[in-house]
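*Asks:* Right, I'll just put the structure down here and ask away after.
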Amino acid sequence: MTRTQRIGLYGLVFAALLAILAWGQSSIGAQAVPTPPVPLGYPPNFAPGVNPLTGLAVTEPANLNRLPLIAKVSNAPDVVRPQAGIGAADVVWEHYAEGGLTRFSAVYLGNTPQRIGSIRSARLIDEELVPMFGALFTYSGASPGTEAVLQSSDFVPQIYSGFTYGAPLYFRDFSIAAPNNLFIDPAAVWAEAAADGLTTPPDLRGWIFNVIVPAGESGAGVTAEVQYTDNNVRWEFDPLAGMYRRFNDGLAHTDALTGVQVAASNVVILYADHLPTNIEEGVFNGVPYYGIDINLNGEGDAVVLRDGLQYPVRWRRYDRRGLLSLWTLDGQPFAMKPGQTWFQVFPLPEDQNGAEFVRIS
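Here the working numbering is used: the first residue of the sequence shown is 26, the next is one more, and so on.
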């Protein structure tokens, strides 16, 4: 199948989801029943120039006519921080890589930072995230087992691996020690994709945004500490900015390009089944570490932090090419706050080890 043919598959992505999300309008005799107020940025009503992944207007509306780009960004060892361009992502997924450490899958659409990185290797979760966003995928390479999964996927034409591509898409900053010095030029990646005929963006409708603080909170959500086995994340709500500021291993987490602390409008702590595999991702001190298959299909529990409050929700994903959506406990779409969203992907409560915990207050 050609690149053009594969891209054509995305036209049917969200038909079922939009049918579920549509607000109905009914009538009793000749008198119409008022419909509920439509949340700002509700998917069928996104205004031109509004990013469907953030609910915010973009400075370059033409950017919304391209495919999203997922960059595999390192978060360990701590010398890789601050990363470049992480603050410009629309959505970031933090997940276990292996050995108790985490890695980022950062999703870009509205912004084009000068560079993104450092770029490291793919993990099995990316086999779900790339079709979820209909994205181009950039990563340094992968273990033989993970690469085999990616190369047998339905998005091979969207893969722009550093193992295959060099400059100008990928470059090394020799002022930084290898292997943590590989970066991408996202503008060059998008240009290469356009030259390859990847010019039809996927239908990204499915998330809703509302500046109005929703009801249904279960308590305060001013701070959240997410303790992975060997990585500590803390989010603190800044009421003046209306955003959560990120700390990693006790230090303010900043963007290397701007020096500004990473902040998010929404923090989603998403609980998912983490299944061990026999795919060897690396060997450290003679000990092999194996890949983790994180299940993002079906549905599960999550907690959303926005506006200093916490909301218990359910996440759902039944379409491989559909966005993972968030729902209130009474079955209504949950409205996120316009802005950047971080997903903290975490093991199910019953599977957490003694070192792992989530504390929200």
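Positions of the beta carbon are idealized from the N, C-alpha and C atoms, including for glycine.
1. Do H299 and D376 have their CB atoms nearer than 8 Å?
2. So, is R145 buried or exposed, given that buried needs 16 or more other C-beta atoms within 10 angstroms?
3. With DSSP run on the structure shown, which of helix, strand or coil describes N257?
4. Apart from the five residues on each side of it in sequence, which residues of its chain come closer than 7 Å, Cβ to Cβ, to V370?
5. Look up N273 in the DSSP assignment and give the residues it is bridged to.
6. If we ignore side chains and look at the alpha-carbon of each, how far apart do E305 and S168 end up?
7. To the nearest angstrom, how far is it from the Cα of V258 to the Cα of Q108?
8. Under 6 Å Cβ to Cβ from P372, same chain only, skipping five residues before and after it: list those, please.
9. Less than 8 Å separating the beta-carbons of V292 and L330?
10. Check whether the Cβ atoms of A360 and F272 lie closer than 8 Å to each other.
11. Of all the options T225, R346 and G325, which has the alpha carbon lying nearest to the alpha carbon of R339?
12. Kindly confirm or deny that the region 241–259 and the region 79–99 touch, where touching means at least three C-beta pairs closer than 8 Å.
13. Under the assumption that L348 contacts L223 (Cβ atoms under 8 Å), give the Cβ distance between them as a whole number of angstroms.
14. Would you mind sorting P211 into buried or exposed? The rule is 16 or more other CB atoms within 10 Å of its CB.
15. For the beta strand (DSSP E) holding D318, just list the boundary residues, first then last.
16. According to DSSP, Q369 sits in a beta bridge with which residue or residues?
17. Within its chain, find whatever has a CB closer than 7 Å to the CB of I53; leave out the 5 residues flanking it on each side and keep chain order.
18. Quick one: what's got a C-beta closer than 8 Å to F309's C-beta in the same chain, skipping five residues either side?
19. State the Cα-Cα distance for the pair S99 and V236, rounded to the nearest angstrom.
20. Tell me the rounded alpha-carbon separation between L282 and S165.
21. What do you reckon, are the CB atoms on D332 and G267 nearer than 8 Å?
22. V155 and I95: beta carbons closer than 8 Å?
23. Considering only residues of the same chain and omitting the five flanking positions on each side of F262, which have a CB-CB separation below 6 Å?
24. Quick check on this structure: which residue in P77, L149 and D103 has the alpha carbon closest to the alpha carbon of N303?
25. Whole angstroms are fine: how far does the CA of M157 sit from the CA of T366?
26. Terminal residues of the continuous alpha helix (DSSP H) containing D326?
27. Please report the distance separating the alpha-carbon of P337 from that of G356.
28. Could you check whether N205 and V104 sit closer than 8 Å to each other, using their CB atoms as the reference points?
29. Measuring only the C-alpha atoms, how far is P374 from Y190?
30. Using only the alpha-carbon positions, how far apart do A327 and W352 sit?
31. Spell out the partners DSSP gives R384 in its beta bridges.
*Replies:* Quick answer:
1. Cβ distance < 8 Å, so H299 and D376 count as in contact.
2. Buried is the call here.
3. DSSP, read as helix, strand or coil, puts N257 in strand.
4. Closer than 7 Å at Cβ, skipping near neighbours: W118, E119, H120, L295, A297 and I319.
5. Partner residues in the beta bridge of N273, as assigned by DSSP, are V258 and L276.
6. Taking the straight line from one Cα to the other gives about 7 Å.
7. If you take the alpha carbons of V258 and Q108, they lie about 15 Å apart.
8. Only H299 meet the Cβ criterion.
9. L330 is positioned such that its CB atom lies closer than 8 Å to that of V292.
10. Pairing A360 with F272 gives a Cβ-Cβ distance that is not under 8 Å.
11. The candidate whose alpha carbon is nearest that of R339 is G325.
12. No, they do not touch.
13. Not confirmed; about 19 Å, so no contact.
14. Its Cβ being crowded by 16 or more others within 10 Å, P211 is buried.
15. Taken as a continuous stretch (DSSP letters only), the beta strand (DSSP E) holding D318 covers V312 to I319.
16. Note: Q369 is bridge-paired with E119 and I294 in the DSSP secondary-structure output.
17. Because the pLDDT of I53 is 30, which lies under 50, any placement of that residue in the model is unreliable, and the question is left without a value.
18. Only G124 meet the Cβ criterion.
19. Between the C-alpha atoms of S99 and V236 there is a straight-line separation of about 32 Å.
20. L282 and S165: Cα-Cα distance of roughly 21 Å.
21. Against a cut-off of 8 Å, the Cβ pair of G267 and D332 comes out as a contact.
22. Taking 8 Å as the cut-off, the Cβ atoms of V155 and I95 count as close.
23. For F262, where only same-chain residues beyond five positions count, the Cβ hits under 6 Å are V247, Y269 and G333.
24. Minimum Cα distance to N303 is reached at L149.
25. Between T366 and M157, the alpha-carbon positions lie close to 15 Å from each other.
26. Run containing D326: none in the alpha helix (DSSP H); it sits in the beta strand (DSSP E), G323 to R331.
27. Their Cα atoms are separated by approximately 12 Å.
28. Taking C-beta atoms as the reference points, V104 and N205 count as a pair closer than 8 Å.
29. Within the model, the alpha-carbon separation for P374 versus Y190 is close to 40 Å.
30. About 9 Å.
31. Partner residues in the beta bridge of R384, as assigned by DSSP, are E250.
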